[in-house]
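Each residue of the sequence shown is one higher than the last, beginning at 1 in UniProt numbering.
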Amino acid sequence: MTDETELKRLFWHSRRGMLELDVLLVPFVQEVYPSLSQQDQDRYKKLLDCEDQDMFVWFMQRGEPEDPDLKYIVRMILDRVQPD
């Protein structure tokens, strides 16, 4: 699969239909994902396999993933949008 095809696929998988998730995931995949290490790209793909309800809880900071890879990528996405 080409990089462009992969990015398009990830873009559509990042659109969850829940505004709170879409405003975090879509810009992240468009602006940050291409420059991530392979390990971080794999973490993002793993995140996309999670349930929307779980991601909502994590991104609203009402809980956090037990999986360290998921915890890392959730924190990376949150750090991108939260002021210092």
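Glycine is no exception: its CB is placed at the ideal position from the N, C-alpha and C atoms.
Look at the segment 35-63 and you find these whole runs of alpha helix (DSSP H), each 4 residues long or longer: 38-48, 52-59. Here residue 14 is buried: its Cβ has 16 or more other Cβ atoms, across all protein chains shown, within 10 Å. Annotated three-state conformation of residue 67 is coil, per DSSP. CA-to-CA, the gap between residue 20 and residue 34 works out to about 22 Å. Distance check between residue 11 and each of 45, 40, 39, 59 places 45 closest, using alpha-carbon atoms only.
Judged by DSSP in its simplified three-state form, residue 16 adopts coil rather than helix or strand.
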